[in-house]
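Protein chains in written order, with the working numbering: chain E, 1 to 896; chain H, 1001 to 1196.
Quick reminder that beta carbons are idealized off the backbone N, C-alpha and C, glycines included.
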Amino acid sequence: MLRAALSLLALPLAGAAEEPTQKPESPGEPPPGLELFRWQWHEVEAPYLVALWILVASLAKIVFHLSRKVTSLVPESCLLILLGLVLGGIVLAVAKKAEYQLEPGTFFLFLLPPIVLDSGYFMPSRLFFDNLGAILTYAVVGTLWNAFTTGAALWGLQQAGLVAPRVQAGLLDFLLFGSLISAVDPVAVLAVFEEVHVNETLFIIVFGESLLNDAVTVVLYKVCNSFVEMGSANVQATDYLKGVASLFVVSLGGAAVGLVFAFLLALTTRFTKRVRIIEPLLVFLLAYAAYLTAEMASLSAILAVTMCGLGCKKYVEANISHKSRTTVKYTMKTLASCAETVIFMLLGISAVDSSKWAWDSGLVLGTLIFILFFRALGVVLQTWVLNQFRLVPLDKIDQVVMSYGGLRGAVAFALVILLDRTKVPAKDYFVATTIVVVFFTVIVQGLTIKPLVKWLKVKRSEHHKPTLNQELHEHTFDHILAAVEDVVGHHGYHYWRDRWEQFDKKYLSQLLMRRSAYRIRDQIWDVYYRLNIRDAISFVDQGGHVLSSTGLTLPSMPSRNSVAETSVTNLLRESGSGACLDLQVIDTVRSGRDREDAVMHHLLCGGLYKPRRRYKASCSRHFISEDAQERQDKEVFQQNMKRRLESFKSTKHNIYFTKSKPRPRKTGRRKKDGVANAEATNGKHRGLGFQDTAAVILTVESEEEEEESDSSETEKEDDEGIIFVARATNEVLQEGKVSGSLEVCPSPRIIPPSPTCAEKELPWKSGQGDLAVYVSSETTKIVPVDMQTGWNQSISSLESLASPPCNQAPILTCLPPHPRGTEEPQVPLHLPSDPRSSFAFPPSLAKAGRSRSESSADLPQQQELQPLMGHKDHTHLSPGTATSHWCIQFNRGSRL
Amino acid sequence: MGSRSSHAAVIPDGDSIRRETGFSQASLLRLHHRFRALDRNKKGYLSRMDLQQIGALAVNPLGDRIIESFFPDGSQRVDFPGFVRVLAHFRPVEDEDTETQDPKKPEPLNSRRNKLHYAFQLYDLDRDGKTSRHEMLQVLRLMVGVQVTEEQLENIADRTVQEADEDGDGAVSFVEFTKSLEKMDVEQKMSIRILK
Chain E
1 MLRAALSLLA LPLAGAAEEP TQKPESPGEP PPGLELFRWQ WHEVEAPYLV ALWILVASLA
61 KIVFHLSRKV TSLVPESCLL ILLGLVLGGI VLAVAKKAEY QLEPGTFFLF LLPPIVLDSG
121 YFMPSRLFFD NLGAILTYAV VGTLWNAFTT GAALWGLQQA GLVAPRVQAG LLDFLLFGSL
181 ISAVDPVAVL AVFEEVHVNE TLFIIVFGES LLNDAVTVVL YKVCNSFVEM GSANVQATDY
241 LKGVASLFVV SLGGAAVGLV FAFLLALTTR FTKRVRIIEP LLVFLLAYAA YLTAEMASLS
301 AILAVTMCGL GCKKYVEANI SHKSRTTVKY TMKTLASCAE TVIFMLLGIS AVDSSKWAWD
361 SGLVLGTLIF ILFFRALGVV LQTWVLNQFR LVPLDKIDQV VMSYGGLRGA VAFALVILLD
421 RTKVPAKDYF VATTIVVVFF TVIVQGLTIK PLVKWLKVKR SEHHKPTLNQ ELHEHTFDHI
481 LAAVEDVVGH HGYHYWRDRW EQFDKKYLSQ LLMRRSAYRI RDQIWDVYYR LNIRDAISFV
541 DQGGHVLSST GLTLPSMPSR NSVAETSVTN LLRESGSGAC LDLQVIDTVR SGRDREDAVM
601 HHLLCGGLYK PRRRYKASCS RHFISEDAQE RQDKEVFQQN MKRRLESFKS TKHNIYFTKS
661 KPRPRKTGRR KKDGVANAEA TNGKHRGLGF QDTAAVILTV ESEEEEEESD SSETEKEDDE
721 GIIFVARATN EVLQEGKVSG SLEVCPSPRI IPPSPTCAEK ELPWKSGQGD LAVYVSSETT
781 KIVPVDMQTG WNQSISSLES LASPPCNQAP ILTCLPPHPR GTEEPQVPLH LPSDPRSSFA
841 FPPSLAKAGR SRSESSADLP QQQELQPLMG HKDHTHLSPG TATSHWCIQF NRGSRL
Chain H
1001 MGSRSSHAAV IPDGDSIRRE TGFSQASLLR LHHRFRALDR NKKGYLSRMD LQQIGALAVN
1061 PLGDRIIESF FPDGSQRVDF PGFVRVLAHF RPVEDEDTET QDPKKPEPLN SRRNKLHYAF
1121 QLYDLDRDGK TSRHEMLQVL RLMVGVQVTE EQLENIADRT VQEADEDGDG AVSFVEFTKS
1181 LEKMDVEQKM SIRILK
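Written out as structure tokens, the structure is:
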């Protein structure tokens, strides 16, 4: 065995292996001293072989996929079986006996669970339950039908003398054989149908059937097996009843076990907030535990894992972190694909072992014909019945594909190997027949089903990206249908689904999802979120022309009237020299450039991603710190949301109704005064570049906060370095005292309303008459986080000043989104009259501005003076005074 | 069977209703039965109250709007033909419907267009033929529930409108609505099997 393995798998090692392995065989001798080199093959043999087999299978997979042509014509499963045949032949030739066969134990305990879990977990549950009736019918009735008709027909064949008399089998034996050969195999179906891409309904029916018929197969197999072992003479009438009863026990019991474990799994993941790293492990462990438990209680293990995966997914996905989700997905897919590969390869190898074979042409041919014929007949009959009840009847083409897609696979093979030769004398014949059937269905049908589907013009599955509209309307339709069923007084499918959803929302989700997850878990929101992510990613992939106007058209939506041209990218290039990094040094350079720089600054501030920072190497085994990737994802997301709204607003501001209320936050940072005021303020900003986006940005951030709030330690240490943080200014302002931001400030007096003055002094704010700081793009890129608060304040106040009253909004329609060229001298008090003077503010600032203006909700008529009124102490600061006190707030300690 | 024929006699204008809605005799009887069950005081029509008494409708986020759809133009009552006419939107599309399409005859109530139109008018509260951002927001508020904040809702509403809006008027017209759903199997998703 060892030599065979080595010579086959690791020829170079083989020579070396022989000598050293002899060494340990002389235990009597004292050890010859310290060995420099010791060969311990036996200690690693088993795992080594497993690893090697998987490696061979994987390499084979890679080789197959080198040629697109081959894999597009031939299903992978066929190739793997053929490869297995070849390898098995080599093994046989070298070792003179068959090795490495598909052991039923290995198959059921290790190879099958990953595949079933994968298919259960990623089963499109909506589709599955929509077609549950059909799936159950085919799985239960269809399998019973197939088993009995095939078994009986074979027996008839034998009675007719067409099967050689050396096949010693009675009716019960044939029924046993029929029960194991009749079940459609999930592994084979999945392997073939995944490449065929038939429409979803057809796929889910065939595939669902193959998963759910396991219970029937197991029961039939066990019942028949025990009957055979008892001998047909001893079977009592009660045994038949027991057999029927056990069908329910096995299937319902298996499903129940699965659901219990799904519940446990969901509940467990609810509490893994601090140990994210074991989340994926939990998923696998508990699902596997479900499988083993069901197997232990001789219930349907496949059903258990399917139900476990199906049931837990929603809650688990909501609970575990994004990274764990990815890990679960990839690990599951890897394991399943690995197991599938090995199964098919081992199937091929096992077929070579002629010692298990006993060929009988009559039996083999008869079986092949019968399973095809009865499958087709069963499908037609059942479909006819089902179509009486189905909204969308299954047509003839569907039925052909369904009949033809009834592939048999490794389950049948493993079951037939498990037969006891002493009890079932015809075992060898059955083995041979099963192998032929499996090979025939997987290779011949697998090869031909694709052309058949093409030829019959079966409706293929269409992959289209989800859109918000579709998602929303689909929900609407569901609700409408549920309501109409109520009105009609018919408690149909929609009624129960609606009921279930209510129940799930009220109790289950509350119990099984962690609070933060439950909060944000909504399908419509989810689609929205995913769309944003996708946009952002493709946006970045395009090279991230953040600032060009083309960047504003998003890939996920049809490009339409694009925003007015502002070639800021050119600006970026032009103004790249002569950086003045020290912001405290205020150069008095007056030029048109300053204005550009100002725009640049704001664009950069809003549009640039944060500088990527190096992260501390984290060696903790138990925590994965939120790393750059995730942060960047979030950032990309935020950026993108902002941009989208921007383009939305700038193209369609005329219909912009803002209803935004400040979001009450746990931290209580934001005030939630009058909605009316918020509206007013917001309304004024329409048409402006970044301002309207503020809400979005903050929303996202607070979202994160919400999620992280309970584990507050997560984010903190990341704060060093340069970040633009959106902070509500009034946080500082409301405190009514000198806040941390003052520490560095030259003149504490002006701080709170300092927005105005700071704004003034900041170069990009200055109009013609004012001093200007020359700040190049380089500078703006690295504005430290500390600057933020000050900036927020300053710009926010200016913004609220600059914003025109609501009724002037229509004027803005004609403005370019980046009112760079339209800047005008900004004497704060006069600003309100000129809507165009407002900048495209960085989002954070705009938000700050808004919340700030909200704070003076009781004085709506004084909004123009707002920045001055923001803080009582400073209400009466005139802009003049403000300008005279220049203040840049470098407030390192101000991050509250 | 005897009771059936007596029922049939009860339905006024049974034939013309059937012709208009395409319902089979059996479903019409069934619906009439239901209609009378809903009609508490045997007044011969349904009021909003009658429909609101259906328990499950109260928890349906769109329940009110759907009830409202039974009462076009602000009327206070709906008689049996009107009741059936609304429900006819949800009759499954059958093959003969499409085959025997008479260009002169008005489109059947269960056509794709009419199904979509029914859904659309649930959004379009002010009946101006467009779903504005505001209306979209209201729908979303009903549908999405409490988990999502108002600001997020607004963003979703923005994006939803923006996504479907093709002429840039900031609202979704019926044509745009239809277009945004052109890949969806509306005939299937807006049908109830028992309403044949």
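Quick check: the Cα distance between R1141 of chain H and D1167 of chain H, rounded to an integer number of angstroms? Within the second sequence, residue 1141 of chain H is the residue found at index 141, counting from 1. Within the second sequence, residue 1167 of chain H is the residue found at index 167, counting from 1. Roughly 25 Å between the two C-alpha positions.
Check whether the Cβ of A1056 of chain H lies closer than 8 Å to any Cβ atom in chain E. Working through the second sequence from its first residue, we reach residue 1056 of chain H at position 56. Chain E contact via Cβ: present.
For the alpha helix (DSSP H) containing A358 of chain E, list its first residue and its last residue. Translated into the one-based positions of the first sequence, residue 358 of chain E becomes position 358. Note, A358 of chain E: premise wrong, no alpha helix (DSSP H); not H, not E.
Counting only beta-carbon atoms, is E1099 of chain H nearer than 8 Å to chain E? On the second sequence, residue 1099 of chain H is found 99 positions in, with the first residue counted as 1. The predicted position of E1099 of chain H is uncertain, since its pLDDT is 49 and thus under 50; a value taken from the coordinates is nonetheless stated next. Judged by the 8 Å Cβ criterion, E1099 of chain H is not in contact with chain E.
Under 7 Å (Cβ pairs) to chain B, residues found in the stretch 1068-1080 of chain H: Any reference to chain B falls outside this structure, whose protein chains are E and H.
Taking the runs of the alpha helix (DSSP H) that are 4 residues or longer, which of them lie wholly in the stretch 40-94 of chain E? Runs of the alpha helix (DSSP H) inside the stretch 40-94 of chain E: 41-66 and 68-73.
Could you tell me which uninterrupted alpha helix (DSSP H) segments, each at least 4 residues in length, are contained entirely in the stretch 405-488 of chain E, listed from first to last along the chain? 410-417, 427-439, 446-456 and 468-488
Classify F389 of chain E as buried or exposed, calling it buried when 16 or more other Cβ atoms lie within 10 Å of its own Cβ. Residue 389 of chain E sits at position 389 when you count from the first residue of the first sequence. Exposed: under 16 other Cβ atoms inside 10 Å.
Who pairs with R1077 of chain H in a beta bridge, going by DSSP? As a first step, residue 1077 of chain H must be located in the second sequence, where it is residue number 77. Partner(s): H:S1047.
C-alpha distance - S246 of chain E paired with V219 of chain E, whole-angstrom precision: Residue mapping note: residue 246 of chain E aligns to position 246 of the first sequence, counting from 1. Residue mapping note: residue 219 of chain E aligns to position 219 of the first sequence, counting from 1. Each residue's Cα considered, the two are about 7 Å apart.
May I ask which residues mark the beginning and end of the beta strand (DSSP E) holding T1131 of chain H? Here residue 1131 of chain H corresponds to residue number 131 of the second sequence, with the count starting at 1. Segment K1130 to S1132, the beta strand (DSSP E) holding T1131 of chain H.
At a Cβ threshold of 8 Å, is V1144 of chain H touching chain E? Taking the first residue of the second sequence as position 1, residue 1144 of chain H is located at position 144. Judged by the 8 Å Cβ criterion, V1144 of chain H is in contact with chain E.
Proximity winner among H:T1021, H:I1017, H:D1015 and H:D1013, relative to S1111 of chain H (alpha-carbon distances): If you number the second sequence from 1, residue 1111 of chain H lands on position 111. Comparing Cα positions, the closest option is H:T1021.
Closest Cβ-Cβ distance between R1127 of chain H and chain E: below 8 Å? On the second sequence, residue 1127 of chain H is found 127 positions in, with the first residue counted as 1. Not an interface residue.
What span of residues does the alpha helix (DSSP H) with P251 of chain E cover, start to end? Residue numbering aside, residue 251 of chain E sits at position 251 when the first sequence is read from its first letter. First, the amino acid is wrong: residue 251 of chain E is Ser here, not Pro. That run of the alpha helix (DSSP H) goes A237 to T269.
Could you compute how far the alpha carbon of L472 of chain E sits from the alpha carbon of Y1123 of chain H? For the purposes of this step, residue 472 of chain E is taken as residue 472 along the first sequence, with counting starting at 1. For the purposes of this step, residue 1123 of chain H is taken as residue 123 along the second sequence, with counting starting at 1. C-alpha separation (whole angstroms): 11 Å.
List the residues of chain H that L481 of chain E touches, going by C-beta distances under 9 Å, in chain order. As a position in the first sequence, residue 481 of chain E is number 481, starting the count at 1. Chain H residues near L481 of chain E: F1090, K1189, M1190, S1191 and I1192.
With a threshold of 8 Å between beta-carbons, can T1160 of chain H be considered close to chain E, or not? Taking the first residue of the second sequence as 1, we reach residue 1160 of chain H at position 160. Yes, because at least one Cβ of chain E sits closer than 8 Å to the Cβ of T1160 of chain H.
With H, G and I counted as helix, E and B as strand and the rest as coil, what does DSSP make of Y315 of chain E? Locating residue 315 of chain E in the first sequence gives position 315, counting from the first residue. Y315 of chain E falls in the helix class under three-state DSSP.
Roughly how many angstroms lie between the CA atoms of C338 of chain E and V74 of chain E, to the nearest whole one? As a working mapping, residue 338 of chain E is identified with position 338 in the first sequence. As a working mapping, residue 74 of chain E is identified with position 74 in the first sequence. Going from the Cα of C338 of chain E to the Cα of V74 of chain E covers about 19 Å.
Determine the chain E residues that contact R1034 of chain H at a beta-carbon separation under 7 Å, and present them in chain order. The residue labelled residue 1034 of chain H in the question sits at position 34 within the second sequence. Per Cβ cutoff of 7 Å: V488 and G489.
Is it true that the CB of S1180 of chain H sits closer than 8 Å to the CB of A1164 of chain H? Walking along the second sequence from the start, residue 1164 of chain H turns up at place 164. Walking along the second sequence from the start, residue 1180 of chain H turns up at place 180. A contact, by the Cβ cut-off of 8 Å.
What does DSSP give as the partner residue(s) for S1173 of chain H in the beta ladder? Within the second sequence, the letter at position 173 stands for residue 1173 of chain H. H:K1130.
With a cut-off of 8 Å on the beta carbons, I'd call S77 of chain E and G446 of chain E a contact; round off their distance for me. Looking up residue 77 of chain E in the first sequence gives position 77. Looking up residue 446 of chain E in the first sequence gives position 446. That belief holds up - the Cβ atoms of S77 of chain E and G446 of chain E are roughly 6 Å apart, short of 8 Å.
With 16 as the cutoff for other CB atoms within 10 Å, does P47 of chain E come out buried or exposed? Working through the first sequence from its first residue, we reach residue 47 of chain E at position 47. P47 of chain E should be labelled exposed.
Does V401 of chain E come out as helix, strand or coil in the three-state DSSP assignment? As a first step, residue 401 of chain E must be located in the first sequence, where it is residue number 401. V401 of chain E sits in a helix when the DSSP states are folded into three classes.
Can you tell me which of E:A412, E:V244, E:V352 and E:K505 puts its alpha carbon nearest to the alpha carbon of V223 of chain E? One-based indexing of the first sequence puts residue 223 of chain E at position 223. The residue with the shortest Cα to Cα distance from V223 of chain E is E:V244.
For L468 of chain E, collect the residues of the same chain with a Cβ closer than 8 Å to its Cβ; drop the 5 residues on either side in sequence, then sort them by chain order. Start at 1 with the first residue of the first sequence, and residue 468 of chain E comes out as number 468. Cβ within range, chain order: I524, V527, Y528 and L531.
Hey, could you find the ends of the alpha helix (DSSP H) S350 of chain E is sitting in? Translated into positions along the first sequence, residue 350 of chain E becomes position 350. Element bounds for S350 of chain E: H322 to V352.
Closest to L162 of chain E by C-alpha separation, out of E:F439, E:T367, E:Y507 and E:L377, would be which residue? Position 162 of the first sequence holds residue 162 of chain E. Nearest Cα to L162 of chain E within the set E:F439, E:T367, E:Y507 and E:L377: E:T367.
Cβ-based burial, G151 of chain E [other Cβ within 10 Å; buried from 16]: Residue 151 of chain E sits at position 151 when you count from the first residue of the first sequence. It counts as buried.
Suppose you measure from the CA of D535 of chain E to the CA of R1159 of chain H; what does that come to, to the nearest Å? Numbered from its first residue, the first sequence carries residue 535 of chain E at position 535. Numbered from its first residue, the second sequence carries residue 1159 of chain H at position 159. If I take the Cα positions, the gap works out to 12 Å.
I think I135 of chain E touches E209 of chain E, with their Cβ atoms under 8 Å apart; what is that distance to the nearest whole Å? Translated into the one-based positions of the first sequence, residue 135 of chain E becomes position 135. Translated into the one-based positions of the first sequence, residue 209 of chain E becomes position 209. I135 of chain E to E209 of chain E, Cβ: 6 Å. Contact.
Could you check what DSSP says for V198 of chain E in three-state terms: helix, strand or coil? Here residue 198 of chain E corresponds to residue number 198 of the first sequence, with the count starting at 1. V198 of chain E carries a strand assignment under DSSP once its states are collapsed to helix, strand and coil.
Would you decide whether G1014 of chain H is buried or exposed? Buried here means 16 or more other CB atoms lie within 10 Å of its CB. Counting from 1 along the second sequence, the entry for residue 1014 of chain H is found at position 14. The residue is buried, with at least 16 neighbouring Cβ atoms inside 10 Å.
Spatial neighbours of T434 of chain E in its chain, beta-carbon cut-off 7 Å, leaving aside the 5 residues before and after: The count along the first sequence starts at 1 and reaches residue 434 of chain E at position 434. So the qualifying residues of the chain are I181, A412, F413 and V416.
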